[in-house]
Amino acid sequence: MHQQRNTKQKQVVETMLKQAGRPLLPKELLSKAQESLPQLGVATVFRALKKMVDEGTATVVCLPGDSPRYEPSGLTHHHHFKCSECECVFEVNGCPGHLDELLPKGFQLTGHEITLFGRCADCSADHL
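Just so we're aligned, residue 129 is where the sequence shown starts under our numbering, counting upward by one.
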């Protein structure tokens, strides 16, 4: 079996993704990772993310009308909040549950994703 190489670049990308505490766009991840590895390029970030998704250590977060973001795999069930000002996305822990009660008769729920929109704490403070 051929073992994948775990490069320093991939390790930095993985560390930054874990430390972020929220889903990141590749360009956000690049900016954070370049603090440790200034020579890191966007193509390397995309390769590292693809590898991490393939290995199951990262998950793609797809929000309607938005570019894919990435977060570490293995997080508990959660949803997302997107700031309408800075466009950052944050995790929202918890779930309202019982969503199947909202369905028309005869429909069967197989999954769900809830995205809340508004202003994050930083952007809300700017509007006080």
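All residues carry an ideal CB built from backbone N, CA and C; glycine is no exception. Note that the structure is predicted; figures quoted are calculated from it, not measured.
Taking 8 angstroms as the cut-off, the beta carbon of HIS205 is found no closer than this to the beta carbon of GLU219. The three-state reading of DSSP puts ARG197 in strand, counting E and B together. In this structure, the straight-line span from the alpha carbon of ASP182 to that of ALA161 is close to 20 angstroms. Burial check for LEU152: the Cβ neighbour count within 10 Å reaches 16 or more, so the residue is buried.
VAL217 sits close to VAL189, with the two beta carbons spaced by under 8 angstroms.
According to the DSSP assignment, LEU244 belongs to the beta strand (DSSP E) that extends over 243-246. Look at the beta carbons and you see the region 136-144 touching the region 165-175: at least three pairs across the two are nearer than 8 angstroms. When DSSP states are grouped into helix, strand and coil, LYS179 belongs to the helix group.
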